[in-house]
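What follows is a set of notes on a single structure, which appears directly below.
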Amino acid sequence: MTDLSHLKQDFPILGSGVHFLDSGASSQKPIPVLEAMDQFARTSYANVHRGAYKLSVAATDAFEAARHRVATFINAASDDEVVFTRGTTTAINTVAFGWGLEHLQEGDVILTTEMEHHANLVPWQMVAKRTGATLDHVAIDDEGRLDMASFEDKIGPEVKIVAVTGMSNVLGTMPDVKTIARRSHEFGARVVVDAAQLVPHAGVDVQDLGADFVAFSAHKMLGPTGIGVLWGRMDALEETEPFEGGGEMIANVTLHESTWAAIPHRFEAGTPSIIEAVGLHAAIDYLDSIGMEAVLEHDKKLTAIALERLGDVPGLSIQGPKDLTDRGGVISMTMEGVHAHDLATILDENGVSVRAGHHCAKPLMKCLGVAATARASFYVYSEESDIDALEKGLRHAGELFGVS
Ligand code: PMP
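Note that this note's numbering gives residue 1656 to position 262 of the sequence shown, counting from 1, and the numbers run on in steps of one.
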C-alpha cells in the first residue's frame, strides 16, 4: 500500500487546517501545477497558432506539448484524437450537438442511465427534442450499481448512442463501461463516457476501454478550471461536425461559406485556455508520478475506513454499495430528521467541507428516494484525520438535532 501522506504539503490551501472533503466537485491544486502556470505566464505566454514571433511559437509548443501529455496519459492512438474543451460539460455537448444532430432521427434511441450527472443527460434531452430521437435509461439496482440486466434489456439496433458515466459523482460506483462499449458496438451504437470522475480517480486507457468518446475536466484532477478534454476515436471525430464556429477552426472562409481545419483544431474555435493547458500538463505529471493505481487504492482505503467508522453514527444512512468492488472514494449520506444542507453547515462549523444537495443528479436522487444528500469525497491529499473530523462533526450534528 503506497503511503501518500507526504503529498499534503504540496497543497498550500490545506495548510489552513480545513478538512476538505469536496474533491468530487473540484480538486485542490498542488504547488507544481501553480508554479508551472505562473512560470509559463511570466516567460512564455502569447496566443497560440497565430504569430510568427518567438513567444507565440513557444506558447504553441507548450500548448501542443500539453495535448501530447494528455494523449500519452490516456493512451490515445494519436495526439489528434485529443480535443481541448472548456470541461466535461462542453466535451459532452460537442458530441451531443456535433455528432447527435448529424446522425440521430425519429425512431432512434439515445440510451443513458439513471445515474448520470445532468451534464450527460440534459444535452441528450435537447438533442432528442431537435431530432425526434427518444431517450431511454438503464436502471440502477438496489445497491446503486448500474443494472447490467437492464442494459441488456434496452440495448438494441434502434440505439444509436449510449451515454454512460465512468464513475458516479454521487455513489462512487463504476459501471462496467468496457462491456457496455463492446455490447453497444455489436449493435452499431456509438458510446460516450462521462469520465469526469473516472479519469481523475482511476485513470483511463481509452484504447482498452473501447468507447468512442471520453470526456473529462482538468479541475477535478489537480489542474485548473476552464479546460477539459474530449477524446474521440478518429473515425468517431470524423463523423462529428464542429458545433462552434469562429477563428482557428477553419481552413478557408469566404463571405458565404467555410471549410474546416483538420481534427482536432476544427473543434477548438476561438482562443483556447492556454495557461490552463500548461497547468493540466503539470497536473498529469503530478498524478503520473504517484501512479493512478496508487491514487485509486488510496481513495478506496479511505472509503473503507469511512464506511466502517460512519456505520454506527446514529441516524446516518449511506447511499450506494458498502463494499469496495468497482467503487471510488465518494460517500453520500443522509441523516434522519436532518436536512443535508444543515448537515453540511454543521460540518463546516466543525472545519469539514462537504457538498450538500442533488449533486446535479436529480433523477438519481429520485431513484434513491431522497431529495438531497451530504457528500464526502476523497483525493490524493485526503487523510484519516479528515475522516476523524467528519465522524466527529456528524455525531455532533446528530446530538444537536436529537438523533439517537
Ligand atoms: N459529470 C460528472 C460525473 C461530474 O461529477 C461533473 C462535475 N460535477 C461533470 C460531469 C461536469 O463537469 P464540469 O462541470 O467540469 O463540466
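For every residue, glycine included, the Cβ atom is placed at its ideal position computed from N, Cα and C.
Note that the structure is a prediction, hence the values are computed from the model and not measured.
Using 8 Å as the threshold, is the C-beta distance between residue i and residue j below it?
| i | j | result |
| --- | --- | --- |
| Arg1749 | Thr1567 | no |
| Ile1504 | Ala1522 | yes |
| Thr1479 | Asn1514 | no |
| Thr1529 | Thr1507 | What sits at residue 1529 in the sequence shown is Leu, not Thr. Going by C-beta atoms, Leu1529 is not nearer than 8 Å to Thr1507. |
| Ala1765 | His1735 | no |
| Ala1612 | Gly1622 | yes |
| Ala1483 | Phe1661 | The question names Ala, but residue 1483 in the sequence shown is Thr. No, Cβ-Cβ distance for Thr1483 and Phe1661 is not below 8 Å. |
| Gln1499 | Thr1466 | no |
| Ser1726 | Ile1712 | yes |
| Arg1627 | Glu1496 | no |
| Ala1557 | Trp1518 | yes |
| Ile1644 | Ala1656 | no |
| Val1427 | Gly1673 | yes |
| Arg1463 | His1659 | no |
| Ala1459 | Ser1438 | no |
| Val1724 | Leu1616 | no |
| Gln1591 | Lys1614 | yes |
| Met1509 | Leu1758 | yes |
| Glu1642 | His1443 | yes |
| Pro1424 | Asp1404 | yes |
| Pro1618 | Met1431 | yes |
| Phe1581 | Ile1555 | no |
| Arg1789 | Val1707 | yes |
Does the beta-carbon of residue i, which I'm using as the reference point, lie nearer than 7 Å to any heavy atom of the ligand PMP?
| i | result |
| --- | --- |
| Gln1591 | yes |
| Asp1588 | yes |
| Gly1714 | no |
| Thr1573 | no |
| Ala1419 | yes |
| Thr1525 | no |
| Asn1646 | no |
| His1613 | yes |
| Cys1761 | no |
| Thr1665 | no |
| Asn1487 | no |
| Gly1481 | yes |
| Ala1766 | no |
| Ala1456 | no |
| Thr1559 | yes |
| Gly1622 | yes |
| Ala1513 | yes |
| Asn1563 | yes |
Is any beta-carbon of chain B found at less than 8 Å from that of residue i?
| i | result |
| --- | --- |
| Pro1658 | The structure shown contains no chain B; it is built from a single protein chain. |
Do three or more CB pairs link the region 1780–1794 to the region 1583–1591 at distances below 8 Å? Verdict: no, contact absent.
Report yes or no: do three or more beta-carbon pairs, one from the region 1414–1423 and one from the region 1768–1776, lie closer than 8 Å? Yes, since at least three Cβ pairs between the region 1414–1423 and the region 1768–1776 fall closer than 8 Å, the two stretches touch.
Jot down the residue ranges of each uninterrupted beta strand (DSSP E) in the region 1733–1772, minimum 3 residues, whole runs only, in chain order. Unbroken beta strand (DSSP E) runs of no fewer than 3 residues, entirely contained in the region 1733–1772, are found at 1749–1751 and 1767–1771, following chain order.
Whole beta strand (DSSP E) elements within the region 1680–1732, 3-residue minimum: Considered as a whole, the region 1680–1732 harbours 1710–1713 and 1724–1729 as its complete beta strand (DSSP E) runs of no fewer than 3 residues, in chain order.
Would you be able to state if there are at least three C-beta pairs under 8 Å between the region 1686–1702 and the region 1586–1604? These segments touch.
Threshold first: 3 residues or longer. Then list the beta strand (DSSP E) segments lying entirely within the region 1569–1643, N to C. If we require 3 residues or more, the beta strand (DSSP E) runs fully inside the region 1569–1643 come out as 1584–1588, 1607–1611 and 1622–1626.
My parser needs the alpha helix (DSSP H) runs of 4 or more residues fully inside the region 1511–1542; what are they? The qualifying runs are 1516–1525.
Counting pairs of beta carbons, one from the region 1691–1709 and one from the region 1664–1683, are three or more of them closer than 8 Å? Remark: fewer than three beta-carbon pairs, one from each stretch, lie closer than 8 Å, so the region 1691–1709 and the region 1664–1683 are not flagged as touching.
Complete alpha helix (DSSP H) runs within the region 1471–1505 (minimum length 4 residues, chain order): Along the length of the region 1471–1505, whole alpha helix (DSSP H) runs at least 4 residues long occupy 1482–1489, reported in chain order.
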